[in-house]
Amino acid sequence: MSLRVYNTLSGKKENFEPLEPGKVKMYVCGVTVYDYCHIGHARANIVFDVIFRYLQYIGFDTTYVRNYTDVDDKIINRANERGIPSQELAEEFIRAFDEDMDALGLVKPTHEPRATAYIDEIISISQTLIDKGLAYESNGDVYYRVDGFPDYLKLSKRNKDEMLAGARIAPGEQKHNPMDFALWKAVKPGEPSWDSPWGPGRPGWHIECSAMSSSLLGDSFDIHGGGRDLIFPHHENEIAQSEGASGKPFVKYWVHNGFVNVNQEKMSKSLGNFFTIRDILKVYDAEVVRFFILTAHYRSPIDFSDLNLKEARTGLSRFYEALHSAEQTTGAIPADPAVPVSTLGAELKQQFVEAMNDDFNTALAIAHLFEGVRNINRLIATKKFTKKPELVAQVKDLHATIIELGSILGILGSQPQQWLEKVKLAGLAGLDISREEIEQLIEERLVARQNKDFERGDQIRAELEERGIELLDSREGTSWKLK
RNA sequence: GGCCCCGUCGCCAAGUGGUAAGGCAGAGGUCUGCAACACCUCCAUCAGCAGUUCGAAUCUGCUCGGGGCCUCCA
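With this note's numbering as the guide, the letters of the first sequence map in order to residues -10 to 472.
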């Protein structure tokens, strides 16, 4: 089966056929840089990071553009509040964005343009739209004439007349029609501005994406992504601008990710349930956050809660524990060329690819990986496992395959033991017990057991268990984990 | 009000016409001095009702419940 992608424009899953065979051009709306990114941004960026990785994995030469919108009302307002130039504020939050995305393990897009570097292109598109009668100048502002574009609202499938009922013209705007939107805004006091044929001013909200995408990817390209909430008005307006100016189809596949809810409610500043990425990463491991996000399909809403994150941590630990035990048991055994080649990895890979080909179904793909984990554990649990080269080869094969497929999702790239240790110690922070205390009790229990005082030994086990620590006895000694 | 989405085991979550993946939790068993880990076994007929169909969680209609967008928003 080849790749199928849900297209917001058609409302259906479609076979994915890029405009140019073998090559994919993808544009994803990045952030307006006026504040720290929240968990919703994390989801959007992780989702498209995985899509980018997967497209490359299945052989597409992929160009991925993700922009920074660094000029906008919100940036200007925030900068004025703080009494600094808006460009300085934008730079600060561009750096913060980069740090956050780095922490979440995202790969770099091919291009990361900034809106302010494309002012000439923005002016040029606006002029073209005016020349074509699709836009008009009005006291130094330039507005898009929505009535001139019959396909307007084709993406969001809204009704123009009914939209009109709710539309407003803000004070100071010089629109012919309330639904018209600004391409260019005349400068006001305290705002950054650039020269233009209509006097000094700055871009409106949607035009920067039309300018950056056409400059870097051409008038027509394959995938345009972003959060659902961008469908209207942002993406709708981009279509109007780009198709209006070029006369060509803008985007072939529109891909939108679902929201993050917090404890079943929409996350919003007014509800006070607003989490920034950096706050979350103080509490949860970045890979756990990533894993959690990918255990749901990208179009479904996802509920961010402590319980769900803990469950994700347990699930991801299961992977690392299996990888660790595979390495422990087979690491020292050299490959035996006389042994039949394992097909388990190839089978797993096929299932994984099939899942991902169905509209990037990471949840199903991860379920298949879990089955790979169970296979590893099952093989290792076989009697005299290390003496059976065929089984050893299968474990090595599965181990390598799981790591390879995990890399497409951006997970399982850590050293298992280190990762498990790190998460364990981080989890300790939430408990009323220290590492030293645990180790001391383990030592005490060891002595008791050597004296066959199992009663005292079990007492220590029970005490630690009550305080959230599970003891694990093995030939190598006693270790512990979070319960 | 308009448009759109969703309701699958205690919890999370796949499945969009062919007879319910996976994870967490739970029960029983193997292993263990006891445990834990791991493994094995067990654990849902898909909000409700009515249709279409040889066959529906999947299509249609209605009802109930939840959510989103309607120019701040990933």
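Where a beta carbon is used, it is the ideal one built from N, C-alpha and C, also for glycine.
Note that the structure is a prediction, hence the values are computed from the model and not measured.
- prompt: Quick one, which of Asp218, Leu471, Leu435 and Gln404 has its alpha-carbon nearest Ile422's?
  reply: Leu471
- prompt: When the Cβ atoms of the segment 20 to 35 are set against those of the segment -6 to 9, are three or more pairs found closer than 8 Å?
  reply: no
- request: Thinking Thr318 and Phe374 are a contact (beta carbons under 8 Å), I'd like their distance in whole angstroms, please.
  value: 7 Å
field: the segment 273 to 288 / the segment 233 to 242 touching (three or more Cβ pairs under 8 Å)
entry: no
- request: Report the residue from Ser468, Arg434 and Gly399 whose alpha carbon sits nearest the alpha carbon of Arg42.
  value: Gly399
query: DSSP puts Val244 in a beta bridge; with which residues?
result: Gly214
query: What first and last residue would you give for the alpha helix (DSSP H) that runs through Phe41?
result: Ile28 to Tyr46
Own chain residues within Cβ distance below 8 Å of Leu219, not counting five before or after: Cys18 and His245
message: Could you check whether the segment 408 to 417 touches the segment 337 to 356, counting it as contact only if at least three pairs of C-beta atoms, one from each stretch, sit closer than 8 Å?
response: no
task: Please state whether DSSP places Asn(-4) in a helix, a strand or coil.
output: strand
task: From the DSSP output, read off the bridge partner residues of Gly190.
output: Ala175 and Trp183
In DSSP terms, what Ile458 is bridged to: Leu471
- request: Taking 8 Å as the cut-off, decide whether the C-beta atoms of Val60 and Pro222 are in contact.
  value: no
task: Leaving aside the five residues before and after Glu433 along the sequence, list all residues of the same chain whose C-beta is less than 7 Å from its C-beta, in chain order.
output: Ile449
Close beta carbons around Glu101, own chain, < 8 Å, minus the five adjacent residues each side: Gly19, Val54, Arg55, Asn56 and Tyr57
- prompt: CB Tyr16 to CB Ser202, shorter than 8 Å?
  reply: yes
task: Quick one: grab the DSSP three-state call for Ala301.
output: helix
task: Alpha carbon to alpha carbon, how far is Ser257 from Gly216? Give it in angstroms, no decimals.
output: 15 Å
query: Hey, quick one: how far does the beta strand (DSSP E) through Thr51 stretch, first residue to last?
result: Asp50 to Thr58
message: Please classify Phe443 as buried or exposed, where buried requires at least 16 neighbouring CB atoms within 10 angstroms.
response: exposed
- prompt: Between which two residues does the alpha helix (DSSP H) containing Ala437 stretch?
  reply: Arg424 to Gln439
field: Close beta carbons around Thr489, own chain, < 7 Å, minus the five adjacent residues each side
entry: Outside the displayed range of the chain (-10 to 472) lies residue 489, so it cannot be described from this structure.
field: Residues near Pro290 in its chain [Cβ-Cβ closer than 8 Å; skip 5 each side]
entry: Gly247, Phe248, Val249 and Asn250
query: How big is the Cα-Cα spacing for Ala72 and Glu393?
result: The question names Ala, but residue 72 is Gly in the sequence shown. In a straight line, the C-alpha of Gly72 is about 49 Å away from that of Glu393.
task: Assuming Leu337 contacts Thr284 (C-beta within less than 8 Å), just tell me the rounded distance between them.
output: Actually they do not touch by this definition, with Cβ atoms about 18 Å apart.
query: Going straight from the alpha carbon of Pro186 to that of Cys198, what length do you get?
result: 21 Å
Whether Trp173 touches Asn(-4) by CB criterion (8 Å): no
field: Beta-ladder partner(s) of Ala124, from DSSP
entry: Tyr133
message: Can you tell me which residues form a DSSP beta bridge with Asn250?
response: Lys255 and Asp292
- prompt: Are the segment 293 to 312 and the segment 351 to 365 touching by the rule of at least three beta carbon pairs closer than 8 Å?
  reply: yes
message: Just to confirm my understanding: we take Phe293, look at its own chain, exclude 5 residues before and 5 after, and list those with CB closer than 6 Å. What are they?
response: Ile28, Val249 and Val251
field: Euclidean distance between Cα positions of His286 and Leu353
entry: 8 Å
field: Leu368 vs Leu380 beta-carbon contact at 8 Å
entry: yes
query: Hey, which unbroken runs of the alpha helix (DSSP H) at 4 residues or more fall wholly within the segment 354 to 430?
result: 378 to 398 and 405 to 417
field: Through-space distance from Ser145 to Asn262, alpha-carbon basis
entry: 28 Å
- prompt: Nearest to Ile108 by CA position, among Leu123, Gly190, Ala33 and Ile47, is which residue?
  reply: Gly190
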